[in-house]
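Novice:
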Amino acid sequence: MKRLPLSVLLLLFFLFLAWTVSIRQAVLFAVGIGMGAALAGARFGFTTGWRQLIEKRDPRGVMGQLVLLALASVFSLTLLGQYPELTAALGPPSISLLIGAFVFGLTMQIADGCGSGTLYKAGLGIPLNMGILPLFALGSFLGSVQVGDWLKLGQIAPIGLVSEFGSVNALWITLAGLFIFGLAARLWVGKGRTWWDRKWLVGALALAILAALNLIIAGQPWGVVYGFGLWAAKIVHAAGLFDPAANAFWSQAGNAQRLNEMVLMDITSITNIGILGGALWISARASGDSKPLTGKQWMVGLIAGFLMGYSSRLAFGCNIGAMLSGISTGSIHGWIWVPLAFAGTMIGVRIRRHYQF
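Each position in the sequence shown, counted from 1, maps to that position plus 878 in my numbering.
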């Protein structure tokens, strides 16, 4: 579809949301479009950046991510300090987090996309990611059904840097931690490398601003995984195959309410839809850069997509919900997520290479 008729459709859907749902949901949809356009336009791939660092000793993608984390932390921690009614992306340090983050990091390399990557690449029309999207949603739903059992293996209460040290100190601690990550990348890569890419830096700035807008408008940080799980939960519940009242996760008041509301009322769902729209808008003039896959590659990729969805729920988020939103709003679980996911990705890139993706 060409950009003009697509732009008209996106505008009409924005007006529909504003008229029938709420102005807030319409604006969040517009924010999601911006996110999708920034991700797809800059090819801002969290998965790709990690893989390039490991396989090619190319630090540009990871440095772009560190810039994004630093900018988002400045915006988000300042907002959290000024407006206590805003919430942070807190997750409990737990056995579930350790296992989920590791498996997610492994499978995202095979599936060639994290939560946001799957969304925007599906919007670009890349076949594997389009096939993975519903399986990611199913995996996320099953993970939410079983996460209560996983948490029984061991957990502690969520720890937030803002509540522990105040927003100013939390920001300095976060920036120091990001500097250490950058120094580790420098030691890994060595000398004589190009460190910065304009496309990644522009994408980082755009995404940091949009993440801050999401926090202001929604009152909560940017997330992706919850929307996937909710979509599958609604389908399974409507088919009479699932009783949410008997489940620890979906019987919680907020989750039960979202399950019974129309999907357009959910904050994460509406930004996810916007991301798809924004990526689709970019794809009107950009190639999806996909190649034909063998049957074995399809099977391995789809299984990885399902496991990625399942593990993302156990880890309380993906590269967006756990890493970006977790770290930028001062959650300790985000700092735990990164090294475990990176350890998983070290194995994932080798499996990906074995199957010649």
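Note that the Cβ used here is the ideal one computed from N, Cα and C, for glycine as well.
Going by DSSP in three states, Gln1255 sits in which element: helix, strand or coil?
Specialist: There is simply no residue 1255 to check, as the chain begins at 879 and stops at 1235 in what is shown.
Novice: Please go through the same chain and pick out, in chain order, the residues whose beta-carbon is closer than 7 Å to the beta-carbon of Gly1245, but skip the five residues on each side of it.
Specialist: Residue coverage of the chain in this structure runs from 879 to 1235, which leaves residue 1245 outside it and unanswerable.
Novice: Please name the residue or residues paired with Ser1203 in a DSSP beta bridge.
Specialist: Taking the first residue of the sequence shown as position 1, residue 1203 is located at position 325. In the DSSP output, where bridge partners are listed per residue, Ser1203 has none listed.
Novice: Grab me the residues of Asn1197's own chain with a C-beta within less than 6 Å of its C-beta, minus the 5 sequence neighbours each way, in chain order.
Specialist: Translated into the one-based positions of the sequence shown, residue 1197 becomes position 319. Result list for Asn1197: Phe924, Cys992, in chain order.
Novice: Compare the C-beta of Leu917 with all C-beta atoms of chain B and state if any pair is closer than 9 Å.
Specialist: Within the model displayed, chain B is absent; a lone protein chain is all it includes.
Novice: Can you tell which of Arg1136, Met986, Gly1208 has its C-alpha closest to the C-alpha of Ala1221?
Specialist: One-based indexing of the sequence shown puts residue 1221 at position 343. The candidate whose alpha carbon is nearest that of Ala1221 is Met986.
Novice: Alpha carbons only, please: which of Leu1202, Gln1234, Val1114, Val1227 is nearest the one belonging to Ile932?
Specialist: Mapped onto the sequence shown, residue 932 falls at position 54. The option with the nearest alpha carbon to Ile932 is Val1227.
Novice: Within 10 angstroms of its Cβ, does Gly1101 collect 16 or more other Cβ (buried), or is it exposed?
Specialist: Translated into the one-based positions of the sequence shown, residue 1101 becomes position 223. Looking at its Cβ environment, which holds 16 or more other Cβ atoms inside 10 Å, Gly1101 is buried.
Novice: Among Ala1157, Ile1051, Phe1059, Pro1036, which residue has its Cα nearest to the Cα of Ala966?
Specialist: Working through the sequence shown from its first residue, we reach residue 966 at position 88. The candidate whose alpha carbon is nearest that of Ala966 is Pro1036.
Novice: In the DSSP assignment, what residue or residues form a beta bridge with Gln1033?
Specialist: As a first step, residue 1033 must be located in the sequence shown, where it is residue number 155. Paired residue(s): Ser972.
Novice: Indicate the three-state DSSP secondary structure (helix, strand or coil) for Gly1070 in the structure shown.
Specialist: Position 192 of the sequence shown, counted from the first residue, corresponds to residue 1070. Coil at Gly1070, not helix or strand.
Novice: At the level of alpha carbons, what is the spacing between Gly1208 and Gly959?
Specialist: Here residue 1208 corresponds to residue number 330 of the sequence shown, with the count starting at 1. Here residue 959 corresponds to residue number 81 of the sequence shown, with the count starting at 1. Going by the C-alpha atoms only, they are around 11 Å apart.
Novice: Using 9 Å as the threshold, is the C-beta distance between Ser885 and Leu1053 below it?
Specialist: Within the sequence shown, numbered from 1, the residue matching residue 885 stands at position 7. Within the sequence shown, numbered from 1, the residue matching residue 1053 stands at position 175. In this structure, Leu1053 does not lie closer than 9 Å to Ser885 by Cβ.
Novice: Have a look at Phe1235 and Leu1171 and give me their C-alpha separation to the nearest angstrom.
Specialist: Reading the sequence shown from its first residue, position 357 is the one you call residue 1235. Reading the sequence shown from its first residue, position 293 is the one you call residue 1171. If I take the Cα positions, the gap works out to 8 Å.
Novice: Count the other CB atoms within 10 Å of the CB of Gln1135; is the residue buried (16 or more) or exposed (fewer)?
Specialist: Taking the first residue of the sequence shown as 1, we reach residue 1135 at position 257. When all chains shown are included, Gln1135 counts as exposed.
Novice: Hey, Val1216 and Ile1229: beta-carbon distance below 9 Å or not?
Specialist: Here residue 1216 is taken as the residue at index 338 of the sequence shown, counted from 1. Here residue 1229 is taken as the residue at index 351 of the sequence shown, counted from 1. Cβ atoms of Val1216 and Ile1229: not closer than 9 Å.
Novice: Please report the distance separating the alpha-carbon of Ile1004 from that of Val1178.
Specialist: Translated into positions along the sequence shown, residue 1004 becomes position 126. Translated into positions along the sequence shown, residue 1178 becomes position 300. Those two C-alpha atoms are separated by around 16 Å.
Novice: Measuring alpha carbon to alpha carbon, tell me which of Leu1192, Gly1212, Leu1142, Gly919 ends up nearest Phe834.
Specialist: This structure cannot settle anything about residue 834, because the visible part of the chain is limited to 879 through 1235.
Novice: Look up Gly1003 in the DSSP assignment and say whether it is helix, strand or coil.
Specialist: On the sequence shown, residue 1003 is found 125 positions in, with the first residue counted as 1. Looking at Gly1003 - three-state DSSP - the assignment turns out to be coil, as it is neither helix nor strand.
Novice: Apply the 10 Å Cβ neighbour rule to Gln1130 and answer buried if 16 or more other Cβ atoms are within range, or exposed otherwise.
Specialist: Here the question's residue 1130 lines up with position 252 in the sequence shown. The residue is exposed, with fewer than 16 neighbouring Cβ atoms inside 10 Å.
Novice: Tell me, which residues are paired with Gly1038 by DSSP?
Specialist: By one-based count along the sequence shown, residue 1038 stands at place 160. Gly1038 pairs with Ser1209.
Novice: Start and end of the alpha helix (DSSP H) containing Trp1159?
Specialist: Looking up residue 1159 in the sequence shown gives position 281. From DSSP, the alpha helix (DSSP H) with Trp1159 extends over 1145 to 1161.
Novice: Have a look at Gly1166 and Ala1082 and give me their C-alpha separation to the nearest angstrom.
Specialist: Taking the first residue of the sequence shown as 1, we reach residue 1166 at position 288. Taking the first residue of the sequence shown as 1, we reach residue 1082 at position 204. For Gly1166, the pLDDT reaches just 49, beneath the cut-off of 50, and the residue's location in the model is therefore unreliable, although a value from the coordinates is still provided. Approximately 21 Å, taken between the alpha carbons.
Novice: Does the distance from the C-beta atom of Thr996 to that of Ile977 stay below 9 Å?
Specialist: The residue you call residue 996 lines up with position 118 of the sequence shown. The residue you call residue 977 lines up with position 99 of the sequence shown. In this structure, Ile977 does not lie closer than 9 Å to Thr996 by Cβ.
Novice: At which residues does the alpha helix (DSSP H) containing Tyr1104 begin and terminate?
Specialist: Position 226 of the sequence shown, counting from 1, holds the residue named residue 1104. Start and end: 1103 to 1116.
Novice: Would you tell me roughly how many angstroms separate the C-alpha atoms of Trp897 and Leu964, rounded to the nearest one?
Specialist: Start at 1 with the first residue of the sequence shown, and residue 897 comes out as number 19. Start at 1 with the first residue of the sequence shown, and residue 964 comes out as number 86. Trp897 and Leu964: Cα-Cα distance of roughly 26 Å.
Novice: Closest by CA to Leu1202, which one among Gln943, Met913, Leu888?
Specialist: Here residue 1202 is taken as the residue at index 324 of the sequence shown, counted from 1. Cα-wise, what sits closest to Leu1202 is Gln943.
Novice: Between the C-alpha atoms of Gly1038 and Pro883, what's the straight-line distance to the nearest angstrom?
Specialist: Here residue 1038 refers to the residue found at position 160 when the sequence shown is read from its first residue. Here residue 883 refers to the residue found at position 5 when the sequence shown is read from its first residue. So the alpha carbons of these two residues sit roughly 45 Å apart.
Novice: Compute the Euclidean distance between the alpha carbons of Thr926 and Ile1034, then round it to the nearest angstrom.
Specialist: The residue given as residue 926 occupies position 48 in the sequence shown. The residue given as residue 1034 occupies position 156 in the sequence shown. Near 32 Å, if we compare the C-alpha coordinates of Ile1034 and Thr926.
Novice: Taking its Cβ as the centre, do 16 or more other Cβ atoms sit within 10 Å of Ala1048, making it buried, or is it exposed?
Specialist: If you number the sequence shown from 1, residue 1048 lands on position 170. It counts as buried.
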